[in-house]
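Position 136, counted from 1, in the sequence shown is what numbering that gives the first Met the number 0 calls 135; the numbers after and before it change by one each time, with no gaps.
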Amino acid sequence: MTVAAAVVGTTLAAAAPATAVGPTPQATAAAPAAAPVAAPAAAPVAAPASATAWTAGTRAHLVITAPGDTSAVRTAVANNGGSVFASYDAIGVIVAHSASAGFATAMRGVPGVQQVGATRTSDVPADAYNPALPANPAQSTTTLAESLTRWDMTQIKADQAWAVSTGSAAVKVGVLDTGVDDRHQDIAPNFNAADSVSCAYGKADTRAGAWRDVGTHGTHVAGTIAAAKNGKGVVGVAPGVKISSVRIAEPGTSLFFAENTVCGFMWAGDHGFKVTNNSYYTDPWQFNCPDNADQAAIIEGVRRAQEYAERRGSLQIAAAGNSNLDLANKTVDTESPNDSTPVRRTITNACLDIPTELPGVVTVAAMGKGNVKASYSNFGNGVIDIAAPGGDGTSGVYSTLPGGKYGNMNGTSMASPHVAGVAALLASADPAATPADIRSRLGVQAVDVACPSDSRCTGTTTKNGFFGEGQTDALKAVGATTPPAGSYFENTTDVAIADNATVESPLTVSGVTGNAPATLKVGVDIVHTYRGDLVVSLVAPDGTVYPLEDFADNDGTDNVGKTYTVDASAEVANGTWKLRVRDIATQDTGRINAWNLTF
């Protein structure tokens with residue numbers, strides 16, 4: 000693997016607090032253009048029974064053909080000494096296993112086959128055919144009070160953004176990583192088990208718990224994106240959105256092979272993820288070169304999967320990598336292949352770091368505390384899109400670790416989830432925004448950071464090789480340029496909403512002088528299937544009712560995650576305010592998850 004916050008091929012320390020051993024490369028590059036890919040349903044075709052028999056020397060390959068019906072090529076796989084492990088007909092990518100040294104050469108001669116490439120230089124583990132479930136760690140409770148002023152969150156103004164919006168529970172963010180500890184006290188409130196999966200080995204494993212962490216890295220990333228704002232531990236950039244775990248790391252090695260990434264992107268596209276975070280590079284090649292037949296197939300297969308996800312509404316955010324390399328001037332790779340024995344090889348800019356350099360993927364560089372490049376962060380004018388805090392030296396990024404723990408890590412792996420969280424806030428503010436819209440807004444809203452006096456940084460203040468278009472800005476993502484004036488009050492206690500019932504959630508306001516403002520902000524987070532059943536109102540301390548929204552106009556979407564503005568200037572601010580929710584139909588229930596007032 001190459002997680003962007005550890006030594007290559009290793010996972011991060013799991014103790015709490017913990018600090019990453021050191022930055023590990025994580026990035027991807029732009030793949031060459033190819034014919035448009037069709038978009039039928041992407042469910043993988045079931046592997047034949049023969050695929051369950053493991054033998055020594057078994058290697059995985061991507062077999063690339065035209066999108067659509069791949070049955071003829073799948074038959075050819077079997078006829079040439081292989082077996083189909085998974086097949087993604089929508090993009091024309093087959094994951095084939097074979098112990099035959101001549102398999103790739105034979106398949107390249109099959110009519111309809113466009114490319115074939117081995118995805119690893121080591122054997123497919125026997126575990127691929129009968130995967131063990133990851134450990135379900137015992138949970139430690141914490142007495143750690145929630146800090147709202149961590150340096151990384153303050154640096155991107157996330158602490159100010161929370162007073163405006165924490166994001167919508169209707170927005171799903173996929174964490175493609177080592178897995179996520181869904182039982183962690185700061186992740187459980189926002190975890191989406193229904194859309195979580197393991198894609199280790201390149202085929203979806205939907206068993207409960209298959210998504211759990213085989214290291215610590217993915218849990219740390221998930222907390223930075225969306226740790227709950229629940230009074231304990233830490234808060235994520237977008238604590239109101241939902242997290243789904245897509246484990247693409249394999250146990251034991253924690254490596255991320257191409258077929259795993261393909262599976263992850265296809266899952267993201269089919270399961271409605273608005274954003275995915277990718278804090279890794281696709282093993283075993285730090286850079287995949289198109290003049291190598293194996294690596295060319297890796298580029299093409301992953302590119303098609305990323306395009307599929309994007310066409311279906313998913314924006315991919317990826318870490319730039321931790322080797323302090325100029326990605327715009329590539330010359331040598333000394334770290335590949337990392338699943339066997341690395342060799343020194345000469346490379347060019349045509350060789351791509353996957354997935355970070357793929358077209359459409361947002362490439363994130365890391366910053367230390369202040370407007371400085373993190374010492375380890377990759378860079379490159381025209382490659383880096385945006386920057387975010389990743390930690391450096393003693394200023395690590397503090398987040399969740401498996402087992403209810405917390406700790407520090409450093410890396411572009413830690414920078415990327417900050418941007419993923421901001422992207423989730425943008426998607427919450429504008430549910431109709433496309434991946435292209437969000438990608439553009441991330442850049443437009445970023446705070447310009449000029450090059451330091453370092454000759455390696457080229458470009459302009461508005462866009463350069465160290466920081467791209469600048470440092471990501473959470474406050475602008477929620478539609479504000481300055482923090483809301485006045486005091487902030489929140490109730491995070493769940494209130495169940497039954498069919499044909501009216502419920503209220505109280506919130507006591509004190510210490511505010513005079514009346515409420517004419518622009519009282521009411522943040523509402525309701526989890527409820529089919530919100531067309533709901534009528535939502537604010538009740539002032541004197542009993543005056545301020546209607547917020549009546550969804551009973553055949554609005555068939557789920558959940559409510561919005562901030563409303565109310566002219567409450569006639570009301571005394573101090574007292575008990577209430578959020579009133581009326582359910583006017585049957586069959587769909589839910590809860591008030593949280594709500595807040597900003598004066």
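Virtual Cβ for every residue (Gly too), placed ideally from N, Cα, C.
Since the structure is predicted, the reported quantities are computational estimates derived from the model, not experimental observations.
Helix, strand or coil at residue i according to DSSP, with G and I counted as helix
| i | result |
| --- | --- |
| K462 | coil |
| L596 | strand |
| G235 | coil |
| F550 | coil |
| V170 | coil |
| T674 | Outside the modelled stretch of the chain, which goes from 0 to 598, sits residue 674, for which no answer is possible. |
| P434 | helix |
| H527 | strand |
| I583 | coil |
| Y375 | coil |
| R211 | coil |
| Q159 | helix |
| P451 | coil |
| R343 | strand |
| Q444 | helix |
| P416 | helix |
| D151 | helix |
| K202 | coil |
| T507 | strand |
| T165 | coil |
| T588 | coil |
| T362 | strand |
| N514 | strand |
| A497 | coil |
| I186 | coil |
| T140 | coil |
Closest residue to residue i among the options (Cα-Cα distance)
| i | options | result |
| --- | --- | --- |
| L547 | R579, V526 and R73 | R579 |
| H219 | V494, V240 and G178 | G178 |
| G381 | E334, T355 and N573 | T355 |
| Q159 | G320, R149 and A77 | R149 |
| N407 | G214, G390 and A414 | G390 |
| L596 | G560, V571, T518 and Y487 | Y487 |
| H270 | R303, R311 and G239 | R311 |
| Q114 | A98, K372, V76 and N129 | V76 |
| A304 | S439, A162 and L357 | L357 |
| G239 | T54, G395, S197 and G166 | G166 |
heavy atom of the ligand COA below 7 Å from residue i C-beta
| i | result |
| --- | --- |
| S195 | Absence of the ligand COA from the depicted structure is noted, as is the absence of any ligand whatsoever, leaving it without description. |
Any chain C beta carbon closer than 8 Å to residue i
| i | result |
| --- | --- |
| S504 | The structure shown contains no chain C; it holds only a single protein chain. |
Beta carbon of residue i nearer than 8 Å to that of residue j
| i | j | result |
| --- | --- | --- |
| I247 | N259 | yes |
| G201 | V94 | yes |
| A364 | F255 | no |
| K156 | A473 | yes |
| K231 | E145 | yes |
| I353 | V301 | yes |
| P136 | P401 | yes |
| N558 | R530 | yes |
| V538 | V523 | no |
| A308 | G268 | yes |
| T411 | D384 | no |
| K171 | S244 | no |
| N573 | V508 | yes |
| R58 | V123 | yes |
| P133 | R211 | yes |
| A237 | I297 | no |
| F378 | D325 | yes |
| V571 | L519 | no |
| Q470 | A386 | yes |
| I346 | T330 | yes |
| M152 | V234 | yes |
Should the segment 324 to 342 be called in touch with the segment 116 to 123, which here means at least 3 C-beta pairs below 8 Å? yes
Starting from the N-terminal side, write out each stretch of the beta strand (DSSP E) that is 3 residues or longer and does not extend beyond the segment 220 to 298. 241 to 246 and 274 to 277
With three or more C-beta pairs closer than 8 Å as the rule, is the segment 264 to 272 touching the segment 420 to 437? no
Are at least three pairs of beta-carbons, each pair with one atom in the segment 178 to 192 and one in the segment 291 to 305, less than 8 Å apart? no
Cβ pair count under 8 Å reaching 3, the segment 141 to 153 against the segment 448 to 464: no
Answer yes if the segment 494 to 506 comes into contact with the segment 435 to 448, meaning at least three C-beta pairs across the two stretches below 8 Å, and no otherwise. no
Could you say if the segment 50 to 67 and the segment 82 to 90 meet the contact criterion of at least three C-beta pairs nearer than 8 Å? yes
In chain order, what are the residue ranges of uninterrupted alpha helix (DSSP H) at least 4 long that sit wholly in the segment 297 to 334? none
With three or more beta-carbon pairs closer than 8 Å as the criterion, would you say the segment 406 to 424 touches the segment 499 to 506? no
Would the segment 64 to 80 and the segment 206 to 216 be scored as touching if the rule is three or more Cβ pairs under 8 Å? no
Return the chain-ordered ranges of every alpha helix (DSSP H) run that is complete within the segment 54 to 130 and spans a minimum of 4 residues. 70 to 78 and 102 to 107
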